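In my numbering, the protein residues as written are 226 to 444. No residue lacks a Cβ here, since even glycine has one placed at the ideal position from N, Cα and C. Values in this document were obtained by computation on a predicted structure and should not be read as measured data. Since the structure comes first, as structure tokens, the remarks are kept for the end.
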Amino acid sequence: MTTNNVTIPASTRVSTRALLTGGIVAGPLYVAVWLGQAFTREAFDITRHPASLLANGGPGWIQTANFVIAGLLSIGAAAGLRRTLTGRGSRWAPRLLGAYGVGLLLAALFPADPAAGFPAGTPADYAEISARGMGHFVAGTVGFTGLIAGCLVVAAHYRSIGRTAFSRYSAATGILFFGAFAGLSAGAGSRPTIIAFGVAVLLGWTWIAAVCADQHRNA
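Shown next as structure tokens:
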């Protein structure tokens with residue numbers, strides 16, 4: 226197969242497909258682990274607590290591992306996209322998706338602080354931010370900025386090759402995610418902003434899976 230004017234051996238082609246498959250499964254795996262904990266961890270309320278808080282408490286290692294696995298799969302998917310995307314946005318789209326993966330790894334390294342009654346025993350009005358909590362905020366900013374910008378760059382790519390529907394889908398995902406992230410940052414943990422952000426996370430992972438599945442056909 227020839228990609229970006231470079232002939233890729235069959236062994237590498239298989240590797241590219243594996244990387245893109247990782248991008249396809251990353252989201253469903255992340256969401257399954259997130260929701261599995263959300264409905265079983267004591268004191269966790271999915272309408273009040275973002276997924277990041279699950280990294281606290283005894284079973285917190287599960288969400289930490291979830292961040293690490295999702296981050297590595299996203300970085301791998303970015304490497305796969307680097308081999309398959311051509312034309313406008315082919316250089317920056319993989320880098321931006323890779324930044325999202327790095328953000329997930331940093332989120333594992335710097336867990337979110339306990340807040341709003343979680344984990345069990347935390348005061349309902351507790352909202353202090355430690356150094357690690359600030360690190361988590363930086364991680365989210367890096368990762369989500371990469372994802373949002375990646376959506377817009379990929380939208381430009383698909384528009385340049387005449388795939389208007391996929392272009393609009395990508396742009397809409399980026400705009401909606403930006404709105405949800407901005408709302409979360411400004412909403413001080415209100416229920417509407419937590420719910421909206423949870424929906425945005427689902428949309429973001431769905432978009433990553435859709436792009437990787439589309440490019441898998443070119444690998």
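{"Item": "T330 vs F369 beta-carbon contact at 9 Å", "Value": "The sequence shown places Leu at residue 330, rather than the Thr named in the question. The answer is no: Cβ separation not under 9 Å."}
{"Item": "Collapsed DSSP secondary structure at A340 in the structure displayed", "Value": "strand"}
{"Item": "The segment 406 to 422 contacting the segment 262 to 275, beta-carbon criterion three pairs below 8 Å", "Value": "yes"}
{"Item": "DSSP state of N291 mapped onto helix, strand, coil", "Value": "helix"}
{"Item": "Three-state secondary structure assigned by DSSP to P447", "Value": "Lying before the first or after the last residue shown, residue 447 is absent from the chain, which here runs from 226 to 444."}
{"Item": "Burial state of W286 (16 or more Cβ within 10 Å)", "Value": "exposed"}
{"Item": "Where the alpha helix (DSSP H) through S392 begins and ends", "Value": "389 to 411"}
{"Item": "Local conformation of V231 per DSSP, three classes", "Value": "Since pLDDT at V231 reaches only 45, below the 50 mark, its modelled position is unreliable, and the value read off the structure follows with that caveat. If DSSP states are grouped into helix, strand and coil, V231 belongs with the strands."}
{"Item": "Inter-residue spacing [alpha-carbon to alpha-carbon] between I249 and A435", "Value": "7 Å"}
{"Item": "Nonlocal neighbours in the same chain, by C-beta distance under 6 Å from N443, ignoring five residues either side", "Value": "T309"}
{"Item": "Reduced DSSP secondary structure (H/G/I, E/B, other) of P275", "Value": "coil"}
{"Item": "Whole-Å CB distance - G326 paired with S299, under 8 Å assumed", "Value": "3 Å"}
{"Item": "Close-in-space but distant-in-sequence residues of the same chain around A263 (CB under 7 Å, 5 per side omitted)", "Value": "F269, I271"}
{"Item": "Cβ-Cβ distance between A295 and P336 below 9 Å", "Value": "no"}
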